[in-house]
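Chemist: Starting off with a structure, shown below.
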């Protein structure tokens, strides 16, 4: 290839002469427009830097001038030789802990926060002595990162993510990677993947679960998006993630927003697990009359068996915790549950896809009902119902309740995986199903020994239609049925609400029913709205042909009925 001429900055048409020596400019107007000049210089630096290659001869002098005006000290050796393997924006506790985790595993990290004083405090305290560097501007932050740049955002979901993406773009090159590790809604991750792909930037939307402690010592990570980014972030992600039986609780999930989708379903299942545990607590308290300490003992025992999990463990700890006066603190907490919306997202998406994810839906509605505290107080005085009175063997009932909780939990996960599988079809994602359960086995809120059995089920049969069809879970549900049904019948007789337990059993009975009363429902819809119905294949004939939409004049009088605008 012939040598290409390099144009000196002083002769370059893209840069005004006064830019070369801005300090000597005496024009007051130049001082007044310094911020605008800085902005344009940064944009030009980003464009020129992104086009630099062996075939594009961009003069280094020009880059340095633009960088100087933009506030980037590219003349310093540290900036000319980027040192950081990974960059993270957002220094709340989660961000700080994740940076420390990455640094502990032998990687150099660059930290940035919009409030730069926070960067300095972090470097002077928690990050002191570690392989962590800071940056006071987006430009400096990008300059300190090795190529391809691996940048993780841990900022508030929504507009802040888009704002940071836009501020990064002028300083990125083709092949760089932006990772959104916040609780973003998966449609936003779909949109960002498509947008950044068009700019040559890889986007990864990654679910991060495990809270502050998980971020510090090993979270569950669920990355999805541009798969070409995975080889560049795999070592870091799998190094810092939680481990279960020696395997990293992190693997590639799938396309576009699949990572955030799986995190959304994870959070929905978390809602379901928590609601089931709360109902079990209520049954033990109101139905059996046990104290918080006694209920804590029950959960402690359960945590040594099939229900061994993080949520059972912390429930035990909560029930054992006493206030300063020696009484259980949990008994003093106002019974109004909050929610951040991820469970609602799961329930809404299930409705959008027409999937009966009933347990997560009931868990969301139970939180809504709890929020009606004042109204419930009035209803308590007005509405009547039975008073719980237990008769019989308490230990036998506690054993039944354990089986009911286990069976209902299986239903919750079966519904969650049904939703994930149908989402993959709807959104045309290639999902790594066997690895999803593995990702949840450690480092996250729903981690449990139970997830090992789910991992095995999908490893043995990646095309498993439903978790309930796996031999292990089919037997587990069958063995738990008597206790499960006994508990739910007792709660109905006692007047103790158990919506999650009840909907789990109703789903199971509905799912195993060859025939449901939807035949009558279709007839009703056709009667008042001419919505038509289809005939059973075994009942098809000339009048009612198989596979055809049929409308009948049910009244036997009047003419044909046309479909109305009313849809039921």
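Residue numbers (our numbering): 215 to 782.
Ideal Cβ placement from N, Cα and C applies to all residues, glycine included.
Taking DSSP as the reference, what is the three-state secondary structure of residue 755?
Modeler: For the purposes of this step, residue 755 is taken as the residue at position 541 of the chain shown. Coil, per DSSP.
Chemist: Which whole runs of the alpha helix (DSSP H) in the region 655 to 684 are 4 residues long or more, in chain order?
Modeler: Counting only runs of 4 or more, we get 664 to 674.
Chemist: Would you identify the three-state DSSP class for residue 287, choosing helix, strand or coil?
Modeler: Here residue 287 corresponds to residue number 73 of the chain shown, with the count starting at 1. Any reading at residue 287 must be qualified, since the residue scores a pLDDT of 48, below 50, and its modelled position is unreliable; the value itself is stated next. In this structure, residue 287 counts as coil in the three-state DSSP scheme.
Chemist: Express the C-alpha separation of residue 426 and residue 289 in angstroms, rounding to a whole number.
Modeler: For the purposes of this step, residue 289 is taken as the residue at position 75 of the chain shown. For the purposes of this step, residue 426 is taken as the residue at position 212 of the chain shown. Only weak support exists for where residue 289 lies, its pLDDT of 41 falling under 50; the value from the coordinates is given anyway. Using only the alpha carbons, I get a separation of about 38 Å.
Chemist: Using DSSP with H/G/I as helix, E/B as strand and the rest coil, what is residue 306?
Modeler: For the purposes of this step, residue 306 is taken as residue 92 along the chain shown, with counting starting at 1. Coil, per DSSP.
Chemist: Rank 765, 741, 321 by C-alpha distance to the C-alpha of residue 453 and give the top, closest one.
Modeler: Position 239 of the chain shown, counted from the first residue, corresponds to residue 453. The candidate whose alpha carbon is nearest that of residue 453 is 321.
Chemist: Check this for me: beta carbons of residue 669 and residue 690, under 8 Å apart or not?
Modeler: For this step, residue 669 is matched to residue 455 along the chain shown. For this step, residue 690 is matched to residue 476 along the chain shown. No. Outside cutoff.
Chemist: By DSSP, does residue 631 sit in helix, in strand, or in coil?
Modeler: If you number the chain shown from 1, residue 631 lands on position 417. Residue 631 falls in the helix class under three-state DSSP.
Chemist: What distance in whole Å lies between the Cβ atoms of residue 662 and residue 524, which are believed to be in contact at a cut-off of 8 Å?
Modeler: Along the chain shown, one-based indexing puts residue 524 at 310. Along the chain shown, one-based indexing puts residue 662 at 448. With 8 Å as the limit, residue 524 and residue 662 qualify as a contact, their Cβ atoms being about 7 Å apart.
Chemist: Drop a sphere of 10 angstroms on the beta-carbon of residue 490, count the other beta-carbons inside from all chains shown, and report buried for 16 or more, exposed for fewer.
Modeler: Within the chain shown, numbered from 1, the residue matching residue 490 stands at position 276. By the neighbour-count rule (16 or more Cβ atoms within 10 Å), residue 490 is buried.
Chemist: Taking 8 Å as the cut-off, does the region 537 to 551 touch the region 641 to 648 (at least 3 CB pairs, one atom from each stretch)?
Modeler: No, the region 641 to 648 does not touch the region 537 to 551.
Chemist: Count Cβ pairs between the region 451 to 471 and the region 503 to 510 that sit closer than 8 Å; are there 3 or more?
Modeler: With a cut-off of 8 Å, the region 503 to 510 and the region 451 to 471 do not count as touching, because too few Cβ pairs lie within range.
Chemist: Output the distance between the C-alpha atoms of residue 367 and residue 589, rounded to the nearest integer angstrom.
Modeler: What you label residue 367 is simply residue 153 of the chain shown in a count that begins at 1. What you label residue 589 is simply residue 375 of the chain shown in a count that begins at 1. Their Cα atoms are separated by approximately 42 Å.
Chemist: Just to confirm the assignment: which complete beta strand (DSSP E) runs, minimum length 3, are found wholly within the region 379 to 413?
Modeler: Listed in chain order, the complete beta strand (DSSP E) runs (minimum 3 residues) inside the region 379 to 413 are 391 to 394.
Chemist: Closest to residue 392 by C-alpha separation, out of 400, 398, 383, would be which residue?
Modeler: Taking the first residue of the chain shown as 1, we reach residue 392 at position 178. Taking only the C-alpha atoms, the option nearest residue 392 is 383.
Chemist: Taking buried to mean at least 16 other C-beta atoms within 10 Å of its own C-beta, is residue 361 buried or exposed?
Modeler: As a working mapping, residue 361 is identified with position 147 in the chain shown. Answer is exposed; the Cβ neighbour count stays below 16.
Chemist: Going residue by residue through the region 423 to 467, where are the continuous beta strand (DSSP E) segments of at least 3 residues, counting only ones entirely within it?
Modeler: List check, beta strand (DSSP E) in window: 434 to 439.
Chemist: Let me know the secondary structure DSSP gives residue 567 once reduced to three states.
Modeler: Within the chain shown, the letter at position 353 stands for residue 567. Residue 567 falls in the helix class under three-state DSSP.
Chemist: Between which two residues does the alpha helix (DSSP H) holding residue 581 run?
Modeler: On the chain shown, residue 581 is found 367 positions in, with the first residue counted as 1. Where residue 581 is concerned, the enclosing alpha helix (DSSP H) stretches over 572 to 584.
Chemist: Can you check whether the CB of residue 456 is closer than 8 Å to the CB of residue 434?
Modeler: For this step, residue 434 is matched to residue 220 along the chain shown. For this step, residue 456 is matched to residue 242 along the chain shown. Taking 8 Å as the Cβ cut-off, residue 434 and residue 456 qualify as a contacting pair.
Chemist: Determine the closest residue to residue 520 out of 621, 363, 408, with distance taken between C-alpha atoms.
Modeler: On the chain shown, position 306 is the one that residue 520 refers to. Measuring from the Cα of residue 520, the nearest candidate turns out to be 621.
Chemist: Can you check whether the CB of residue 306 is closer than 8 Å to the CB of residue 346?
Modeler: Along the chain shown, read from residue 1 onward, the residue named residue 346 stands at position 132. Along the chain shown, read from residue 1 onward, the residue named residue 306 stands at position 92. No.
Chemist: Contact between the region 578 to 596 and the region 553 to 561: three or more CB pairs below 8 Å?
Modeler: The region 578 to 596 is in contact with the region 553 to 561.
Chemist: Nearest by alpha-carbon distance to residue 369: which of 557, 335, 325 is it?
Modeler: Sequence index remark: in the chain shown, residue 369 carries index 155 (1-based). For residue 369, the nearest C-alpha among the options comes from 325.
Chemist: Rank 423, 415, 632, 429 by C-alpha distance to the C-alpha of residue 441 and give the top, closest one.
Modeler: Taking the chain shown and counting its residues from 1, the one referred to as residue 441 is at position 227. Here the closest residue by C-alpha is 415.
Chemist: So for residue 523, helix, strand or coil by DSSP?
Modeler: Sequence index remark: in the chain shown, residue 523 carries index 309 (1-based). In the structure shown, residue 523 sits in a strand (DSSP, three-state: E or B).
Chemist: How should residue 753 be labelled, buried or exposed, when 16 other C-beta atoms within 10 angstroms of its C-beta is the threshold for buried?
Modeler: On the chain shown, position 539 is the one that residue 753 refers to. Under this definition residue 753 is an exposed residue.
Chemist: Using the three-state DSSP reduction, which class does residue 535 fall into: helix, strand or coil?
Modeler: For this step, residue 535 is matched to residue 321 along the chain shown. In the structure shown, residue 535 sits in coil (DSSP, three-state: anything other than H, G, I, E or B).
Chemist: Return the chain-ordered list of same chain residues with a C-beta closer than 8 Å to the C-beta of residue 730, the five sequence neighbours on each side being excluded.
Modeler: Against the chain shown, residue 730 aligns to sequence position 516. Within the same chain, residue 730 has close Cβ partners 724.
Chemist: I need the boundaries of the alpha helix (DSSP H) containing residue 357, first residue and last residue.
Modeler: For the purposes of this step, residue 357 is taken as the residue at position 143 of the chain shown. 352 to 357 is the extent of the alpha helix (DSSP H) around residue 357.
Chemist: Span of the beta strand (DSSP E) holding residue 726?
Modeler: Taking the first residue of the chain shown as 1, we reach residue 726 at position 512. From DSSP, residue 726 is part of no beta strand (DSSP E); its letter is neither H nor E.
Chemist: Going straight from the alpha carbon of residue 445 to that of residue 625, what length do you get?
Modeler: Counted from its first residue, the chain shown places residue 445 at position 231. Counted from its first residue, the chain shown places residue 625 at position 411. Approximately 35 Å between the Cα atoms of the pair.
Chemist: Near residue 763, what residues of its chain come up, given a Cβ to Cβ distance below 7 Å and the 5 sequence neighbours on each side ignored?
Modeler: For the purposes of this step, residue 763 is taken as the residue at position 549 of the chain shown. Once the five neighbours on either side are set aside, the close Cβ partners of residue 763 are 746, 748.
Chemist: Any contact of the region 474 to 482 with the region 690 to 706, i.e. 3+ C-beta pairs under 8 Å?
Modeler: These segments do not touch.
Chemist: So, are the CB atoms of residue 516 and residue 526 less than 8 Å apart?
Modeler: Indexing the chain shown from 1 puts residue 516 at position 302. Indexing the chain shown from 1 puts residue 526 at position 312. Their beta carbons are under 8 Å apart, which means residue 516 touches residue 526 by this criterion.
Chemist: From this set, 694, 682, 499, which residue's C-alpha is nearest residue 204's C-alpha?
Modeler: Because the chain here runs from 215 to 782, residue 204 falls outside it and cannot be looked at.
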